[in-house]
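Following the working numbering from start to finish, the sequence shown increments by one per residue and tops out at 650.
Notes to accompany the following structure.
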Amino acid sequence: MQLYCDSLTEYKRLATREVRIGDLLLGNFNPIRVQTMTTTDTMDTIATVEQSIRCIEAGAEMVRITAPSKKEAENLLNIKNELHKRGYKTPLIADIHFTPNAAEIAARIIEKVRVNPGNYVDKKKFEQIDYTDAEYAEEIDRIRERFTPLVKICKEYGTAMRIGTNHGSLSDRIMSRYGDTPMGMVESAMEFLRIARNESYHNIILSMKASNPQVMVQAYRLLVNVMMDEFGEAYPLHLGVTEAGDGEDGRIKSAIGIGTLLEDGLGDTIRVSLTEDPEFEIPVCRDLVNRYTNRQLVTGNKQTGIPAITKVPYSPFEYTRRSTDTVSNIGGKHVPVVVADFMKAASIRHEDLQAIGYTYNTETDKFIIADAAADYLYTGKKLPDFALPGTLKVICDHATWLNAPDKEKYYPLFQSTEYLKSTDHSGKLNFVAVDVNQTNCQELLQKIRKDYTVVLCLYSSNAHTMPSVRRYIIELMNQGITCPIILSVESNDTTIDEQLIHFSTDSGALLLDGMGDGIWLMNEPEKIRNQKVSGRTYLETKSNHQFINNTSFSILQATRTRISKTEYISCPSCGRTLFDLQETTAKIRSVTHHLKGVKIAIMGCIVNGPGEMADADFGYVGSGVGKITLYKGKEIVKRNVDSAIAVEELINLLKENNAWVEKTA
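Quick look at the structure:
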């Protein structure tokens, strides 16, 4: 095993224990299963049944239902019976947080229970407590006493269990010893897993969810590493980015977290947590899984085999950005740059730049520059015939660059062989495009080692794209070559969801490991024109250049490598939710979307707040019917605010904490 998977270069599913959930088999190389969660009131049997059916018919192989108390747990029997009566035998999962007795009831009724170790026994006051080893052991004994009855019931009834750690739900005990870290998440689950193993109960799935894909990916990798080290085997993994949000941002964040792990063969079941109706989650799950269904079967010219890695020069369990030279505004300590691709545009006008963040004001004859404005414009064989904004620079093909009027504004793009042969280079900045699947040229590596003007634009024609680019970057690191890298990803997928997943996985996975000083996305716009995502039509109102630009900045935001906008941590809703999450999220977004770098959590109930909004700056949490509690960090600031004025009160809270700025025209 290479740290956390079988291979960093060859696609192989991680071998895990086989778990039975009703008639469904999971793990042990069975297909990657997809699931979702209902948003209805669990006590409304018919509404829950009908929503479950919509999810099942959309492709859900398991349906999770919240059971916050004994009465909801007991009503699972009515829901299950009604589904069976209508001919649906899909396994049901009871979602349990604070109520062990509800879990023990549900485990006798349905096929699987999910428990959150941070909420199941432990109470959280968000206090730092210094535990001695003896006191810590006493706490473990208390957990064993309270958790063992559920384990025995599950074992007796053949019920599966997910031990689902959430980043924001870590107990004071775990936080005090491990901090708010991926290792704390792992240990939180391992405590419960050890208890189950002592009872010879193994029908277990594990998850390490966080709203931050960086934390989530590190935690899953660590979990595998710890399980293999301690047990010599791994249990199946349920993958998910919790509170991912809605629309393209929710899809991008989920694809980065889930896709990064699937790329390395980790994951036996997935759930994409979108603040949308649950049936909309399933197609996104399917698109993610489909990328890997035939990955091992790919042969021919596109799958030439990637050389094995013998030395890994970075830690996949913690974020460290690859050390690079500074070339102009790329690399070094600069945030990753964004390249806007206008190669296929018939012409370029100053009006076209609005799509990439530059709005021309005819009255002042100046450009207004947005926070999410591209840094470079690739024009191919064209040269713009108007004055460009001061911060925007142009990349063009080398032959075109030779005729460029301003060598301080325009920079050449070479193919690798062209770069080796040419003597006409920029003295400041040269871009070199490299297909890492075709290039293993020591001559190129030796030349760029000594050329401090080079920025590599890496892409791969290998079907296993991301690991092949990662392999090349690792080779650069091992050879001490420190030129900056732009990650170039082209998608020919035919749906918007597929393109978002493709872009997010192939670039996001590398950015999470500190690899990449820029992003350059390309696509076929005609393939996705006028398609809808989450009920919204994209390219009727949004040009393809705007779609690509927004996607680039959203990927950088989700990987926490460049912050350009407000971040929303919104839960996907469930039967505990106390207000309309979709409507409220849209309302809050409409008045706060201009607050660059502010993280706002929108949570339907106390289960998902304050804990689950682990790294949010401000929180908007349902506390009762028609009532909202507002948080600053994990601290309650205003209790039981009437929902009719709660958004206004949130704005006041932002103002009181100097987090508010007025919108500019």
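Virtual Cβ for every residue (Gly too), placed ideally from N, Cα, C.
query = Between the C-alpha atoms of residue 581 and residue 355, what's the straight-line distance to the nearest angstrom?
reply = If you number the sequence shown from 1, residue 581 lands on position 596. If you number the sequence shown from 1, residue 355 lands on position 370. Their Cα atoms are separated by approximately 11 Å.
inquiry  = Tell me which residue opens and which closes the alpha helix (DSSP H) that residue 213 is part of.
reply    = Within the sequence shown, residue 213 is the residue found at index 228, counting from 1. Note, residue 213: alpha helix (DSSP H), 198 to 216.
task = Starting from residue 386, follow the alpha helix (DSSP H) in both directions and report where the run begins and ends.
result = Along the sequence shown, read from residue 1 onward, the residue named residue 386 stands at position 401. 383 to 386 is the span of the alpha helix (DSSP H), which, as asked, contains residue 386.
key: DSSP bridge partner residues for residue 505 (one or two, in chain order)   = Counted from its first residue, the sequence shown places residue 505 at position 520. For residue 505, the pairing in a beta bridge is given by DSSP as 324, 473.
Neighbour-count burial assignment, residue 583, 16 or more Cβ in a 10 Å radius = As a first step, residue 583 is located in the sequence shown; it is residue number 598 there, counting from the start. So residue 583 ends up on the buried side.
ask   = Going by Cα to Cα distance, which pick from 177, 137, 161, 446 is closest to residue 127?
value = In the sequence shown, residue 127 corresponds to position 142, counting from 1. The candidate whose alpha carbon is nearest that of residue 127 is 177.
ask   = Can you give the beta carbon distance from residue 539 to residue 233, rounded, assuming they're within the 8 Å contact cut?
value = Against the sequence shown, residue 539 aligns to sequence position 554. Against the sequence shown, residue 233 aligns to sequence position 248. That pair is a contact at about 6 Å.
key: Beta-carbon proximity of residue 264 to residue 40, cut-off 7 Å   = Numbered from 1 along the sequence shown, position 279 holds the residue referred to as residue 264. Numbered from 1 along the sequence shown, position 55 holds the residue referred to as residue 40. Against a cut-off of 7 Å, the Cβ pair of residue 40 and residue 264 comes out as a contact.
query = So, do the stretch 322 to 331 and the stretch 344 to 351 have three or more beta carbon pairs nearer to each other than 8 Å?
reply = Segment contact: the stretch 322 to 331 against the stretch 344 to 351, fewer than three CB-CB distances shorter than 8 Å; contact not assigned.
ask   = Which partner residues does residue 301 have in the DSSP bridge list?
value = Residue numbering aside, residue 301 sits at position 316 when the sequence shown is read from its first letter. DSSP output for residue 301 lists no bridge partner at all.
key: Alpha carbon of residue 629 to alpha carbon of residue 99, nearest angstrom   = For the purposes of this step, residue 629 is taken as residue 644 along the sequence shown, with counting starting at 1. For the purposes of this step, residue 99 is taken as residue 114 along the sequence shown, with counting starting at 1. Going by the C-alpha atoms only, they are around 34 Å apart.
query = Span of the alpha helix (DSSP H) holding residue 126?
reply = For the purposes of this step, residue 126 is taken as the residue at position 141 of the sequence shown. Where residue 126 is concerned, the enclosing alpha helix (DSSP H) starts and stops at 118 to 142.
key: Inter-residue spacing [alpha-carbon to alpha-carbon] between residue 495 and residue 396   = Walking along the sequence shown from the start, residue 495 turns up at place 510. Walking along the sequence shown from the start, residue 396 turns up at place 411. The straight-line gap separating the alpha-carbon atoms of residue 495 and residue 396 is approximately 25 Å.
request  = Classify residue 351 as helix, strand or coil using the three-state DSSP reduction.
outcome  = Here residue 351 is taken as the residue at index 366 of the sequence shown, counted from 1. Under the three-state reduction of DSSP output, residue 351 falls in the strand class.
inquiry  = Please identify the residue among 386, 372, 358, 375 whose C-alpha is closest to the C-alpha of residue 364.
reply    = Locating residue 364 in the sequence shown gives position 379, counting from the first residue. Residue 364 has its Cα closest to that of 386, out of 386, 372, 358, 375.
query = Measuring CA to CA, which of 132, 91, 69, 645 is closest to residue 180?
reply = The residue you call residue 180 lines up with position 195 of the sequence shown. For residue 180, the closest of 132, 91, 69, 645 by C-alpha to C-alpha distance is 132.
query = Is residue 14 buried or exposed, if buried means 16 or more other CB atoms sit within 10 Å of its CB?
reply = As a first step, residue 14 must be located in the sequence shown, where it is residue number 29. Exposed, since its Cβ has fewer than 16 Cβ neighbours within 10 Å.
message = Looking at the secondary structure, which residues open and close the beta strand (DSSP E) in which residue 416 lies?
response = For the purposes of this step, residue 416 is taken as residue 431 along the sequence shown, with counting starting at 1. That run of the beta strand (DSSP E) goes 415 to 420.
message = Any beta carbon from chain D within less than 7 Å of residue 471's own beta carbon?
response = In the displayed structure, chain D is absent; only one protein chain is listed.
task = Pull up the CB-CB distance for residue 291 and residue 84, whole angstroms please, since I reckon it's below 8 Å.
result = Start at 1 with the first residue of the sequence shown, and residue 291 comes out as number 306. Start at 1 with the first residue of the sequence shown, and residue 84 comes out as number 99. 48 Å between Cβ atoms; not a contact.
query = Just to confirm, are residue 302 and residue 203 a CB contact at a threshold of 7 Å?
reply = Locating residue 302 in the sequence shown gives position 317, where the first residue counts as 1. Locating residue 203 in the sequence shown gives position 218, where the first residue counts as 1. Yes, Cβ-Cβ distance for residue 302 and residue 203 is below 7 Å.
inquiry  = Residues in the same chain with beta-carbon distance under 7 Å from residue 485, minus the five sequence neighbours each way, listed in chain order, please.
reply    = Counted from its first residue, the sequence shown places residue 485 at position 500. Hits under 7 Å: 233, 236, 237, 240, 536.
query = residue 455 lies in the alpha helix (DSSP H); which residues open and close that run?
reply = By 1-based counting over the sequence shown, the position of residue 455 is 470. Unbroken alpha helix (DSSP H) run through residue 455: 450 to 463.
query = By the 10 Å Cβ neighbour count, where 16 or more other Cβ atoms means buried, how is residue 503 classified, buried or exposed?
reply = In the sequence shown, the residue the question calls residue 503 occupies position 518. By the 10 Å Cβ count, residue 503 comes out buried.
query = Which residue from 92, 619, 54, 35 puts its Cα closest to that of residue 70?
reply = Within the sequence shown, numbered from 1, the residue matching residue 70 stands at position 85. Checking every option, the nearest Cα to that of residue 70 belongs to 35.
ask   = Going by Cα to Cα distance, which pick from 632, 618, 631, 625 is closest to residue 642?
value = Reading the sequence shown from its first residue, position 657 is the one you call residue 642. Residue 618 is the option with its Cα nearest to residue 642.
key: Whole-angstrom distance between residue 196 and residue 448, CA atom to CA atom   = Position 463 of the sequence shown, counting from 1, holds the residue named residue 448. Position 211 of the sequence shown, counting from 1, holds the residue named residue 196. Distance between the alpha carbons of residue 448 and residue 196 is about 29 Å.
request  = Just confirm the distance between the C-beta atoms of residue 58 and residue 90, as a whole number of angstroms; I'd bet it's less than 8 Å.
outcome  = Translated into positions along the sequence shown, residue 58 becomes position 73. Translated into positions along the sequence shown, residue 90 becomes position 105. Residue 58 to residue 90, Cβ: 4 Å. Contact.
inquiry  = Please classify residue 94 as buried or exposed, where buried requires at least 16 other C-beta atoms within 10 Å of its C-beta.
reply    = Position 109 of the sequence shown, counted from the first residue, corresponds to residue 94. Burial is judged here by how many other beta carbons sit within 10 angstroms of a residue's own beta carbon; residue 94 has at least 16 and is buried.
ask   = In its own chain, which residues sit with a C-beta less than 8 Å from the C-beta of residue 134, not counting the 5 before and 5 after it?
value = Mapped onto the sequence shown, residue 134 falls at position 149. Cβ neighbours of residue 134 within its own chain (closer than 8 Å, five residues either side excluded): 85, 89.
task = Output the distance between the C-alpha atoms of residue -13 and residue 391, rounded to the nearest integer angstrom.
result = Walking along the sequence shown from the start, residue -13 turns up at place 2. Walking along the sequence shown from the start, residue 391 turns up at place 406. The straight-line gap from Cα to Cα measures roughly 49 Å.
key: Identity of the residue in 60, 206, 331, 551 nearest residue 578 by Cα   = On the sequence shown, residue 578 is found 593 positions in, with the first residue counted as 1. When only C-alpha atoms are compared, the closest one is 551.
message = Taking DSSP's pairing of strands, which residues face residue 399 in a bridge?
response = Counting from one through the sequence shown, the residue named residue 399 turns up at place 414. Beta-bridge pairing links residue 399 to 417.
query = Name the DSSP bridge partner or partners of residue 627?
reply = In the sequence shown, residue 627 corresponds to position 642, counting from 1. Residue 627 is bridged to 612.
inquiry  = Just verifying my parser: in three-state terms, what is the DSSP assignment at residue 312?
reply    = Along the sequence shown, read from residue 1 onward, the residue named residue 312 stands at position 327. Of the three classes helix, strand and coil, the one that applies to residue 312 here is strand, per DSSP.
query = Taking just the CA atoms, how far does residue 546 sit from residue 431?
reply = Looking up residue 431 in the sequence shown gives position 446. Looking up residue 546 in the sequence shown gives position 561. C-alpha separation (whole angstroms): 29 Å.
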